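For the sequence shown, counting from 1, position 99 maps to 98 in numbering that gives the first Met the number 0; every step adds exactly one. We put the CB at the ideal spot given by N, CA and C, even for glycine. The model shown is predicted, which means the values in this text are computed figures rather than measured ones.
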Amino acid sequence: MTKIVILTGAGISAESGLGTFRDTDGLWSQYRIEDVATPEAFARNPALVQAFYNLRRDTAARAQPNAAHQALARLQRDWRGDVVIVTQNVDSLHEVGGATDVLHMHGTLAGALCGACNHRWTAPPSMAPDEPCPACAAPAARPDVVWFGEMPYHMDEILTHLASADLFASIGTSGEVYPAAAFVQDAHASGARTIELNLEPSAVTSAFDDIRIGPASEAVPLWVD
Ligand code: BJW
Numbered sequence: 000m001t002k003i004v005i006l007t008g009a010g011i012s013a014e015s016g017l018g019t020f021r022d023t024d025g026l027w028s029q030y031r032i033e034d035v036a037t038p039e040a041f042a043r044n045p046a047l048v049q050a051f052y053n054l055r056r057d058t059a060a061r062a063q064p065n066a067a068h069q070a071l072a073r074l075q076r077d078w079r080g081d082v083v084i085v086t087q088n089v090d091s092l093h094e095v096g097g098a099t100d101v102l103h104m105h106g107t108l109a110g111a112l113c114g115a116c117n118h119r120w121t122a123p124p125s126m127a128p129d130e131p132c133p134a135c136a137a138p139a140a141r142p143d144v145v146w147f148g149e150m151p152y153h154m155d156e157i158l159t160h161l162a163s164a165d166l167f168a169s170i171g172t173s174g175e176v177y178p179a180a181a182f183v184q185d186a187h188a189s190g191a192r193t194i195e196l197n198l199e200p201s202a203v204t205s206a207f208d209d210i211r212i213g214p215a216s217e218a219v220p221l222w223v224d
């Protein structure tokens with residue numbers, strides 16, 4: 000039975016009202032990456048970093064899944080083989096749209112992580128710059144997301160899935176950030192066919208066998224159904 004591994008990025012949630020990172024009106028047109036998405040930035044200015052994530056947590060809580068999230072959930076439910084969804088997104092729109100067992104390789108806005116003792120818990124809607132850890136009381140709580148220079152989550156599991164994939168699909172991601180940008184090569188190495196669905200070709204588009212250009216809310220249902 001065919002096994003499908005799907006990688007999603009910010010583009011799949013764009014039509015749900017969540018900004019992408021690198022598009023002209025993206026999240027980082029208002030913030031510099033190095034000011035909000037590195038451990039050094041958090042050490043330097045926790046108030047700015049917490050404010051950036053508090054705002055995104057608030058926006059994400061009010062967002063609804065779109066036709067692309069729903070189509071992938073349908074595919075996962077109806078396909079006779081395995082459908083593994085790996086997302087770089089920290090929102091929970093795949094799950095709200097009905098998907099199960101989503102691998103969040105860059106963490107989630109819903110999670111908090113203690114920088115002192117590594118305890119994890121559900122993030123409050125708004126986190127203070129000196130938010131205390133409920134386990135060790137250190138004022139070191141941070142969003143449980145993966146910043147540049149940190150190891151993405153679930154890597155062993157993801158690479159194992161890619162090694163047995165028959166089809167790899169990449170949806171709404173720019174191909175600028177590794178290791179996710181190299182998954183197409185990992186999938187090829189294991190003999191999978193590969194397809195990119197995006198509003199415009201990604202930085203790694205030449206590595207794919209096939210490409211479908213269009214907004215995710217149209218391109219993904221067309222591909223799935
Ligand atoms: C639409 C659409 C619509 C719009 N419909 N589409 C190898 C080479 C070079 C560098 C490195 C390398 N390996 C590691 C690095 C360093 C670094 C890196 O990649 N740097 C680059 C800048 C070069 N990587 C890391 O540090 C990573 N860690 C790591 O590598 O650890 C060591 C390791 C070694 C070996 C194996 C494994 C690990 C960690 C990266 C962490 C990234 N974190 C962020 C923040 C997460 C928290 C948060 O959300 O705030 O993750 S950065 C940001 O970028 C976020 C995203 O998940 C990620 C990817 O962005 P995405 O989703 O692609 O969004 P955009 O905005 O870039 O693109 C949007 C796309 O949507 C576009 O293509 C549009 O066309 C499309 N689109 N509207 C369809 N309607």
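Under 7 Å from any heavy atom of the ligand BJW, does the C-beta of residue i make it?
{"i": "residue 159", "result": "no"}
{"i": "residue 172", "result": "yes"}
{"i": "residue 29", "result": "no"}
{"i": "residue 140", "result": "no"}
{"i": "residue 215", "result": "yes"}
{"i": "residue 13", "result": "yes"}
{"i": "residue 0", "result": "no"}
{"i": "residue 73", "result": "no"}
{"i": "residue 25", "result": "yes"}
{"i": "residue 146", "result": "yes"}
{"i": "residue 190", "result": "no"}
{"i": "residue 207", "result": "no"}
{"i": "residue 45", "result": "no"}
Assuming residue i contacts residue j under a Cβ cut-off of 8 Å, what Cβ separation, rounded to an integer in Å, is found between them?
{"i": "residue 25", "j": "residue 69", "result": "Incorrect: roughly 24 Å between the Cβ atoms, too far for contact."}
{"i": "residue 206", "j": "residue 10", "result": "Actually they are not in contact, since the Cβ atoms of residue 206 and residue 10 sit about 17 Å apart, beyond 8 Å."}
{"i": "residue 103", "j": "residue 4", "result": "Going by Cβ atoms, the distance from residue 103 to residue 4 rounds to 15 Å, so no, they are not a contact pair."}
{"i": "residue 162", "j": "residue 6", "result": "Residue 162 to residue 6, Cβ: 15 Å. No contact."}
Taking a contact to mean a Cβ-Cβ separation below 8 Å, would you say residue i touches residue j in this structure?
{"i": "residue 112", "j": "residue 143", "result": "yes"}
{"i": "residue 199", "j": "residue 169", "result": "no"}
{"i": "residue 186", "j": "residue 218", "result": "no"}
In the DSSP assignment, the alpha helix (DSSP H) including residue i goes from what residue to what residue?
{"i": "residue 7", "result": "Where residue 7 is concerned, there is no enclosing alpha helix (DSSP H), although the beta strand (DSSP E) it sits in stretches over 3-7."}
{"i": "residue 169", "result": "Per DSSP, residue 169 belongs to no alpha helix (DSSP H); it is in the beta strand (DSSP E), 166-170."}
{"i": "residue 61", "result": "45-61"}
For the beta strand (DSSP E) containing residue i, name the first residue and the last one.
{"i": "residue 159", "result": "Element bounds for residue 159: not the beta strand (DSSP E) but the alpha helix (DSSP H), 154-162."}
{"i": "residue 232", "result": "Residue 232 falls outside the range modelled here, since the chain spans only 0 to 224, and no answer is possible."}
Legend entry - Ranges of the alpha helix (DSSP H) found wholly within the segment 76-144, counting only runs of at least 4: As far as the segment 76-144 is concerned, its whole alpha helix (DSSP H) runs of at least 4 residues are 92-95.
Inset, instruction - Counting only runs of 3+ residues fully inside the segment 177-207, write out the beta strand (DSSP E) ranges in chain order. - result: Counting whole runs of 3 or more residues, the segment 177-207 contains the beta strand (DSSP E) stretches 192-197.
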